[in-house]
Amino acid sequence: MNTYYSVFLFIYAFLGLSYYNAAITPNTKCKNGFLAQMSNHLECRCNENFVHVSNDTCEKKVECSVDTVDKACGEFSKCVMHENEGKATYTCDCINAYAVKGDICVPETCQNIECGFGKCIINEDAVNDPPICSCNIGYVVNTEDGNKCTTEGDTKCSLVCGEEHQICKKINDFYRCDCDEGFKLNVEEEKCVSHSIYSMLNLSVIFVILLLFSNII
């Protein structure tokens, strides 16, 4: 019985590790975020006020305190309690396998790597390979400059925007699927609706609120 239990724990841990290190693909569903493309990789980016807890999952960012221990307080970091001589302090520490670089947490193997106009990434399908630089859109790797992102160049969008009225757009330094011209994202329904319909929905909500308020008065 103990042998079966040990095997079960091993499989469970392996699957958990595989899930955590799973490479981001065009089919990845980013929790509380969206799929973004840089020059050499895809990644999940978090919605506003959310931070990464794993490659494909973002959680609401909290202020580190006694009430938020183990909660996400920054990118790939969580609130940790430290006790010294009976006094507790709370700090926002990097999660396992991440280390501080500047004011953010990055993979430990990327801590001393500079990429120029890009970021250091790990190949999750071959974790024993050395990390590489993935460039902001508009830059490509310069093989004569230590494979840093210091050369201007184009990268085509490879994202598959399957939702209706969505197209691939360059937003700042990355590509993402966004609403086409004349459409706006309805956050609650997670779909693109026309500006006119969106405006009508907002006006309807305002009208109902005013009507309820007038009845209360």
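When the letters of the sequence shown are read in order and numbered with mature numbering (1 follows the signal peptide of the UniProt record, and there is no 0), they come out as residues -23 to -1, 1 to 194.
Positions of the beta carbon are idealized from the N, C-alpha and C atoms, including for glycine.
Just so it is clear, the structure is predicted and the values come from calculations on it, not from any experiment.
- Does the beta-carbon distance from C35 to C23 come in below 9 Å? Remark: C-beta atoms of C35 and C23 approach each other more closely than 9 Å.
- Task: Identify which residue in E91, H172, V83 has its Cα closest to the Cα of N119.
- Result: Here the closest residue by C-alpha is E91.
- Under the DSSP definition of a beta bridge, which residues are partnered with A(-1)? According to DSSP, which records beta bridges pairwise, A(-1) is partnered with nothing at all.
- Item | C-alpha distance - E20 paired with K8, whole-angstrom precision | C-alpha separation (whole angstroms): 12 Å.
- Query: For K55 versus D47, is the C-beta distance shorter than 9 Å?
  - Reply: With contacts defined as CB atoms closer than 9 Å, K55 and D47 qualify as a contacting pair.
- Could you check what DSSP says for T120 in three-state terms: helix, strand or coil? When secondary structure is reduced to three states using DSSP, T120 falls in the helix class.
- First through last residue of the beta strand (DSSP E) which encompasses D150: Per DSSP, D150 belongs to no beta strand (DSSP E) and is neither H nor E.
- Message: How far does the beta strand (DSSP E) with G10 in it extend, from its first residue to its last?
- Response: Under the DSSP assignment, G10 falls in the beta strand (DSSP E) whose first and last residues are 10 to 14.
- Do you know whose CA, among V30, D150, H142, lies nearest N163's CA? Ranking the options by Cα distance to N163, first place goes to H142.
- Along the chain, where does the beta strand (DSSP E) that runs through S42 open and close? Per DSSP, S42 belongs to no beta strand (DSSP E) and is neither H nor E.
- Task: Measure the Cβ-Cβ separation of C69 and C41 and say whether it is below 9 Å.
- Result: Yes, they are a contact pair.
- Please name the residue, chosen from N4, S171, V117, that lies closest to D150 on a Cα-to-Cα basis. Comparing Cα-Cα distances from D150 to each of N4, S171, V117, the minimum goes to V117.
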